[in-house]
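Visitor: Taking the working numbering as reference, the numbering of the sequence shown is continuous, increasing by one, and the terminal residue is 315.
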Amino acid sequence: MGLLCLDGVSKTYASGSLRVGALVDVSMQVVPGEFVVVTGPSGSGKSTLLHVAAGLDRPEAGSVTLDGTDVYAMSERRRLQLRRKDLGFVHQFFNLLAPLSAVENVALPLVLAGVRPDDARVEAEVVLARLGLADRFGHKPAELSGGQQQRVAIARAVVHRPRLVLADEPTGNLDSKAGAGVLALLSELSEELGVAVLLVTHDASAVSFGDRHVALTDGYLLSGARV
Ligand SMILES: Nc1ncnc2c1ncn2[C@@H]1O[C@H](COP(=O)(O)OP(=O)(O)OP(=O)(O)O)[C@@H](O)[C@H]1O
Ligand SMILES: [Mg+2]
Numbered sequence: 089m090g091l092l093c094l095d096g097v098s099k100t101y102a103s104g105s106l107r108v109g110a111l112v113d114v115s116m117q118v119v120p121g122e123f124v125v126v127t128g129p130s131g132s133g134k135s136t137l138l139h140v141a142a143g144l145d146r147p148e149a150g151s152v153t154l155d156g157t158d159v160y161a162m163s164e165r166r167r168l169q170l171r172r173k174d175l176g177f178v179h180q181f182f183n184l185l186a187p188l189s190a191v192e193n194v195a196l197p198l199v200l201a202g203v204r205p206d207d208a209r210v211e212a213e214v215v216l217a218r219l220g221l222a223d224r225f226g227h228k229p230a231e232l233s234g235g236q237q238q239r240v241a242i243a244r245a246v247v248h249r250p251r252l253v254l255a256d257e258p259t260g261n262l263d264s265k266a267g268a269g270v271l272a273l274l275s276e277l278s279e280e281l282g283v284a285v286l287l288v289t290h291d292a293s294a295v296s297f298g299d300r301h302v303a304l305t306d307g308y309l310l311s312g313a314r315v
């Protein structure tokens, strides 16, 4: 049974008289705990796929279900709750809050979810330590390398134990060594925590870190081979 199921999803953007099919009749599933890598060139629909999967961008055709619940049939409020509870996000530009330390950045989603700040900090420290940042708790993002910042962002994405992490080009701002380190950690965490990962990238070298690879071209999903 799929955790995330896209069924016949189409998303078209209109810009003036030009209509772009960002996703064309896309059907795919991510099962619990699975690490799926989607590759495609710039403009192929990768970010659109993640936005649609996250309940952030309603497709004009097809359905998106998370754990059997139709993401776009629920109220905006429930969709927000679902995003906060069941999803984690990793972005190309890390998106950490500059005035906050590593621990504070990671603890924030828990605090916003109502966890006591002291407990949230302990949880954040456990995850950061797991990601090799035990000696960087108090560092601000600007005091960390790109690879370290992305590991903080990964800690923030998993600290609330979501069922699915959506990662958009998470290595796009890193050199190949730091990028490989980040992908290896994501893959390990996926296994340890049983969290599914849907990662999109133009970087074909990411494929080997996933359990399964699919390719997007001009909005069309091409293959679903096991790696
Ligand atoms: N808000 C929008 N309005 C109009 N067209 C859009 C919009 N968002 C995306 N598109 C178009 O949809 C297509 C898919 O865009 P998307 O951002 O999903 O590509 P991508 O694969 O993530 O590219 P990149 O690797 O450069 O991030 C592109 O042709 C883009 O121009
Ligand atoms: Mg993109």
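Even for Gly, the Cβ is constructed at its ideal location relative to N, Cα and C.
Output the distance between the C-alpha atoms of A212 and V191, rounded to the nearest integer angstrom.
Guide: Reading the sequence shown from its first residue, position 124 is the one you call residue 212. Reading the sequence shown from its first residue, position 103 is the one you call residue 191. When rounded, the distance between both Cα atoms is 6 angstroms.
Visitor: Under 8 angstroms between the Cβ atoms of D256 and S135?
Guide: Counted from its first residue, the sequence shown places residue 256 at position 168. Counted from its first residue, the sequence shown places residue 135 at position 47. Yes, the Cβ-Cβ distance between D256 and S135 is below 8 angstroms.
Visitor: Based on the DSSP output, what are the partners of V108 in its beta bridges?
Guide: The count along the sequence shown starts at 1 and reaches residue 108 at position 20. For V108, which the question treats as bridged, DSSP gives the partners Y101.
Visitor: Is the number of C-beta pairs between the stretch 285 to 299 and the stretch 112 to 126 that are closer than 8 angstroms three or more?
Guide: The answer is yes - the stretch 112 to 126 touches the stretch 285 to 299, with three or more Cβ pairs under 8 angstroms.
Visitor: Report whether the distance from the Cβ of V301 to the nearest heavy atom of ligand 1 is below 7 angstroms.
Guide: The residue labelled residue 301 in the question sits at position 213 within the sequence shown. Per the sequence shown, residue 301 should be read as His rather than Val. No, the beta carbon of H301 sits no closer than 7 angstroms to any heavy atom of ligand 1.
Visitor: So within the stretch 132 to 189, which uninterrupted beta strand (DSSP E) runs reach at least 3 residues, ignoring any that extend past its ends?
Guide: The stretch 132 to 189 contains these whole beta strand (DSSP E) runs: 149 to 154 and 175 to 178.
Visitor: With which residues is L287 paired in a DSSP beta bridge?
Guide: On the sequence shown, position 199 is the one that residue 287 refers to. Partner(s): V125 and A255.
Visitor: If the criterion is Cβ atoms closer than 8 angstroms, does the pair L200 and A241 meet it?
Guide: Numbered from its first residue, the sequence shown carries residue 200 at position 112. Numbered from its first residue, the sequence shown carries residue 241 at position 153. For L200 and A241, no; Cβs fall outside 8 angstroms.
Visitor: For D207, does the three-state DSSP call read helix, strand or coil?
Guide: If you number the sequence shown from 1, residue 207 lands on position 119. In the structure shown, D207 sits in a helix (DSSP, three-state: H, G or I).
Visitor: Is the beta carbon of G150 less than 8 angstroms from the beta carbon of V97?
Guide: Here residue 150 refers to the residue found at position 62 when the sequence shown is read from its first residue. Here residue 97 refers to the residue found at position 9 when the sequence shown is read from its first residue. Yes.
Visitor: For ligand 2, is there a heavy atom less than 7 angstroms away from the beta-carbon of K134?
Guide: Reading the sequence shown from its first residue, position 46 is the one you call residue 134. Correct: K134 has its Cβ closer than 7 angstroms to ligand 2.
Visitor: Mind checking whether V270 and R239 have CB atoms under 8 angstroms apart?
Guide: Counted from its first residue, the sequence shown places residue 270 at position 182. Counted from its first residue, the sequence shown places residue 239 at position 151. Yes; because the gap between Cβ atoms is below 8 angstroms, this pair is in contact.
Visitor: DSSP three-state label for L277, please.
Guide: Along the sequence shown, one-based indexing puts residue 277 at 189. Residue state, collapsed to three classes: helix.
Visitor: Does DSSP put L94 in a helix, a strand or coil?
Guide: Locating residue 94 in the sequence shown gives position 6, counting from the first residue. Strand at L94.
Visitor: Between V199 and ligand 1, is there a pair consisting of the residue's CB and a ligand heavy atom that are separated by less than 7 angstroms?
Guide: As a position in the sequence shown, residue 199 is number 111, starting the count at 1. Because no heavy atom of ligand 1 lies under 7 angstroms away, the Cβ of V199 does not count as near it: no.
Visitor: For L275, which of G260, A292, D263 and D299 has the nearest alpha-carbon?
Guide: Against the sequence shown, residue 275 aligns to sequence position 187. Contrary to the premise, residue 275 reads as Ser rather than Leu in this sequence. For the residues G260, A292, D263 and D299, the minimum Cα distance to S275 belongs to D299.
Visitor: Mind checking whether G156 and Q117 have CB atoms under 8 angstroms apart?
Guide: Sequence index remark: in the sequence shown, residue 156 carries index 68 (1-based). Sequence index remark: in the sequence shown, residue 117 carries index 29 (1-based). Not closer than 8 angstroms, so no.
Visitor: What residue from P129, K99 and F181 has the CA that sits closest to L137's CA?
Guide: What you label residue 137 is simply residue 49 of the sequence shown in a count that begins at 1. The residue with the shortest Cα to Cα distance from L137 is K99.
Visitor: Would you check whether ligand 2 has a heavy atom nearer than 7 angstroms to the C-beta of E257?
Guide: As a first step, residue 257 must be located in the sequence shown, where it is residue number 169. Correct: E257 has its Cβ closer than 7 angstroms to ligand 2.
Visitor: Return the first residue and the last residue of the alpha helix (DSSP H) that G235 is part of.
Guide: Residue 235 sits at position 147 when you count from the first residue of the sequence shown. Counting along the chain, the alpha helix (DSSP H) containing G235 begins and ends at G234 to V246.
Visitor: Closer than 7 angstroms: is that where the CB of G143 sits relative to any heavy atom of ligand 1?
Guide: In the sequence shown, counting from the first residue as 1, residue 143 sits at position 55. No; taking the cut-off as 7 angstroms, the Cβ of G143 has no heavy atom of ligand 1 nearer than that.
Visitor: DSSP on S293, reduced to helix/strand/coil?
Guide: Mapped onto the sequence shown, residue 293 falls at position 205. The answer is helix: DSSP assigns S293 an H, G or I state.
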